[in-house]
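A short write-up of the structure that comes next.
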Amino acid sequence: MGEHPIEGLMSAAMENLKEMIDVNTIIGDPVETPDGSVILTVSKVGFGFAAGGSQFNGPDKSSSGGQGQSGQGGKTDLPFGGGSGGGVSITPIAFLIVNSQGVKMLHLDESTHLLEKILDVAPSVVDKIQSMIKKNNQNTNSNGWKNHQPTNQKQDFDF
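With full-length UniProt numbering, letter number 145 in the sequence shown gets 145, and the count goes up by one each step, no holes.
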């Protein structure tokens, strides 16, 4: 049995999609800056693919005595009609920056990475709270009474 025409449509569309995408699409080609840093683009890639077609048999021509074009009991095969298509969506979501200080991920959509920001800020918040507690303990004398010094100091938090 020969290849069905829709198989040709599907393979042509898939081959073209495969040519458009390679590993450098998700993690982009490295770009080196004058200061020695290397910047890589991180992208989100989405694929879509659809194919369809139809083929109908013609009317039975055995009543007219002929065998039709296909030679299969008098039925005529009409031409195949079909189509296929595909698409690729490439959306940059972050930049990976590698330099002498280390590796840093710079997200383009900051609102989706709230938990990551909280985890980044948590150590500095804990350090500031510990320093406030130490200052408070230094203002307290050995018998538990506080020194009568004004304590309305402003404490700034940098986030």
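Glycine included, every Cβ here is placed at the ideal spot set by N, Cα and C. If you're wondering where the values come from, they're calculated on a predicted model, not measured in any experiment.
Compare the Cα-Cα distances from residue i to each of the options and report the closest residue.
i    : options               : result
L9   : G81, I27, K44, P30    : G81
T41  : G48, E32, F49, F47    : E32
G36  : G85, I129, G83, V103  : V103
I6   : Q138, I90, G53, M105  : G53
S100 : G85, P34, T25, D120   : P34
I27  : A13, M105, L119, V126 : M105
A51  : K128, M14, T25        : M14
Starting from the C-beta of residue i, find all residues in its chain whose C-beta is less than 6 Å away, skip the five residues before and the five after it, and write them out in chain order.
i    : result
V98  : V38
A122 : none
G46  : S89
Using a beta-carbon distance below 8 Å, is residue i in contact with chain B?
i   : result
S37 : Although the question refers to chain B, the structure presented lacks it and comprises just one protein chain.
According to DSSP, is residue i helix, strand or coil?
i   : result
T25 : helix
G53 : strand
G8  : helix
S70 : Only weak support exists for where S70 lies, its pLDDT of 49 falling under 50; the value from the coordinates is given anyway. Coil.
L3  : The identity of residue 3 in the sequence shown is Glu, whereas the question assumes Leu. Coil.
Within a Cβ cutoff of 7 Å, which residues of the same chain sit near residue i, ignoring the five residues on either side of it in sequence?
i    : result
G87  : G48
Q130 : none
Whose C-beta lies closer than 8 Å to the C-beta of residue i among residues of the same chain, with five residues either side of it excluded?
i    : result
D109 : I93
Write down every uninterrupted run of the alpha helix (DSSP H) in the region 83-141 whose length is 4 residues or greater and which is fully enclosed by it, in chain order. 114-138
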